[in-house]
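Protein chains in written order, with the working numbering: chain A, 1 to 225; chain B, 1001 to 1225.
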């Protein structure tokens, strides 16, 4: 079996008011994105890495790789308007039978074990979606209605990697884009496949706000890089 | 109008495998709980503070207060079996008309502004529940069924303070305990009141896991205590 990782770098840094996209921010002396690629490179299944990046960032990334002497093999392909389009572009580069992990560029703390489990479960069940349960109570508030408590035990906060047999992705990404496609699981689910959750990792945080970067720096030191 | 804060310290530290309950762990040189009480003490409405604590921790807390020369006025009353019972015990100590903020002992980073807004909104609307929206996609998985995507835009992760006109709490806490009462909003909602959400604060984290304590330490330093 052939294994792939599509690393999706969609962020423009809007939530942090940054000039540079989040995936390029430095974490422990090098861009976040390099940590992410290293994690996949450490997986024993030796996945082929496809990095999907906004075309205007390709040169910048190339320069960063030279500056940091970054040698991990990966292809860089061009991103699309939405995350959905970027993943679809990534898929075009995968031929034949494969297991494909899709991962946020800004989740640099993903560990090799979770990646491995994700590939194994997807190979067996069709897909594997990393998820953790919320610590907080959760409510739902629909337009014009009062909010309503949900049962916390039934809820899952979804992470990446989200890993699939490539056939599921090929079929799912033929669909037209919809607003509610906030991740790959939602796209694949809409194409008619059952979604399988895999216990994620609380340290596998998504760097969205400034404080997340500080948290990541802390967690990274603990991880002993 | 009279303002109260019921600080609920339910934790036994199980999730961190600790001998000491989470609220007593040191954060920046003093127990988490002291930070929490200080935040309420800084509110301009000058709320009266009621600390609900397991009876076996009262003496330990007293000693901590002496050791740290902690002078913020507060009553200490005894906790119950469930968080629900603890809040009910706290309520018994409130007479007459009042606005009551209920707050987790292990959310020490709550800021005075959120507390103030919470009292003001509850006074106007009946209650005010601090909440933030999730960054991650969220799924629901009911027993024996496949998981299903929820619309992230409609979801809220609930924090504390949860603040109420005391009449709502008095009526709500006459109900028998139910498993789905994971917070006060769910208790009050079940008594027939509409729940009003107030924008919370991403820094107002609940210290549940070891990494949260480290995060809190970071955030505290930024806050400039």
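Think of the CB as a built atom: it goes at the ideal place given N, C-alpha and C, for glycine as much as any other residue. Keep in mind it's a predicted model, so treat the numbers as computed, not measured.
query: Chain B within 9 Å of residue 142/A, Cβ atoms only; result: yes
query: Below-9 Å beta-carbon distance, residue 194/A vs any chain B residue; result: yes
query: Buried/exposed call for residue 1068/B, threshold 16 Cβ in 10 Å; result: exposed
query: Positions along the stretch 1206-1225 of chain B whose CB lies within less than 7 Å of some CB in chain A; result: 1206, 1208, 1209, 1211, 1214, 1215, 1218 and 1219
query: For residue 1185/B, the nearest candidate out of 1057/B, 1218/B, 1030/B and 1083/B (CA to CA); result: 1083/B
query: Chain A within 9 Å of residue 1159/B, Cβ atoms only; result: yes
query: Residue 153/A (DSSP reduced to helix, strand or coil); result: helix
query: Residue 1190/B to residue 24/A span [Cα, whole Å]; result: 47 Å
query: Residues of its chain near residue 177/A, where Cβ-Cβ distance is below 8 Å and the 5 sequence neighbours each way are ignored; result: 82, 84 and 85
query: Residue 42/A versus residue 1223/B: straight-line alpha-carbon distance, rounded; result: 37 Å
query: Where residue 1142/B falls, given that 16 or more other Cβ within 10 Å makes a residue buried; result: exposed
query: Complete runs of the beta strand (DSSP E) confined to the stretch 52-137 of chain A [at least 3 residues]; result: 75-78, 99-104 and 127-132
query: C-alpha gap between residue 1164/B and residue 1210/B, whole angstroms; result: 31 Å
query: Selected residue, minimal CA-CA separation from residue 1037/B, among 1095/B, 1115/B, 1089/B and 1091/B; result: 1115/B
query: Bounding residues of the alpha helix (DSSP H) (the contiguous stretch that carries residue 185/A); result: 184-190
query: Residue 1156/B beta carbon less than 9 Å from that of residue 203/A; result: no
query: Helix, strand or coil at residue 30/A [DSSP, three-state]; result: strand
query: Straight-line gap, residue 1070/B to residue 1108/B (C-alpha atoms, nearest Å); result: 15 Å
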